[in-house]
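Below: the structure, in structure tokens.
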Amino acid sequence: MVFGFLALEYDCAMTTNAHPHDDHDHSACVADALARAEASCGERGARLTPLRRRVLEGLADSHVPLGAYDLVERLGASGEKPPPMSVYRALDFLVSEGLAHRIESRNAYIACGRDHGTDDVIVFLICEACGLTSEVASHAIGRDLAWATRAAGFTPRTPVIEIAGTCARCRAAAEAAPAIEGAGSPR
Ligand SMILES: [Zn+2]
Ligand SMILES: [Zn+2]
Ligand SMILES: [Zn+2]
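And the structure:
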């Protein structure tokens, strides 16, 4: 019961567009993520089970971070609805394999969109307007942070930085908005 309530509440809060700016061939993003996962699991001897694959596919199908219950609903819409616990376990696997990241500030997950070195700091750029989340990796910040944390005798768990702000397209849209009325349509 509690779960049902939470899921409902979550759905209402997060009825976000998975592709807020539909500006690229998104099927390529999904194909890339799956291909990278297969290659990486093959190399590392990890098993990309059908559910793990489905969960990754679900994540890669969105450029907005998805909560576990959001994923359960999405997967349920396109096939058999997986139990939430299995989805959590699959997410844990994907995160530990570096195929997905947990966005702490959103309590949500996103497919890893790039290759980054283990020493790099991952910087997530999270748009507060549309939810679009992209990642950039910085070796320089990683090096500085490693130095600073070592100096403090501290061992960081996962060097991740989450930055909230406005994505380039939302900014462009906001800048263009006041001009639209006057600029109007071609004659
Ligand atoms: Zn895409
Ligand atoms: Zn990544
Ligand atoms: Zn945005």
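Start counting the sequence shown at 1; every next residue gets the next number (the UniProt record's numbering).
Don't be surprised by glycine CBs; every beta carbon is placed ideally from N, CA and C.
Anticipated Cβ contact below 8 Å, residue i with residue j, distance rounded
i	j	result
L91	Y109	6 Å
A129	L59	Incorrect: roughly 21 Å between the Cβ atoms, too far for contact.
A137	R157	Actually they do not touch by this definition, with Cβ atoms about 17 Å apart.
E80	C41	E80 to C41, Cβ: 22 Å. No contact.
Heavy atom of ligand 3 within 7 Å of residue i beta-carbon
i	result
T133	no
R106	no
P83	no
A176	no
A18	no
A164	no
heavy atom of ligand 2 below 7 Å from residue i C-beta
i	result
C112	yes
H139	no
H63	no
I122	yes
H101	yes
Residues sharing a beta bridge with residue i, DSSP
i	result
I163	L125
S134	L125
Inset, instruction - Would you list, in sequence order, the uninterrupted beta strand (DSSP E) runs of no fewer than 3 residues that lie entirely inside the region 31–110? - result: 100–103
Legend entry - Closer than 5 Å to ligand 1: residues, by C-beta to nearest heavy atom, in chain order: H26 and C29
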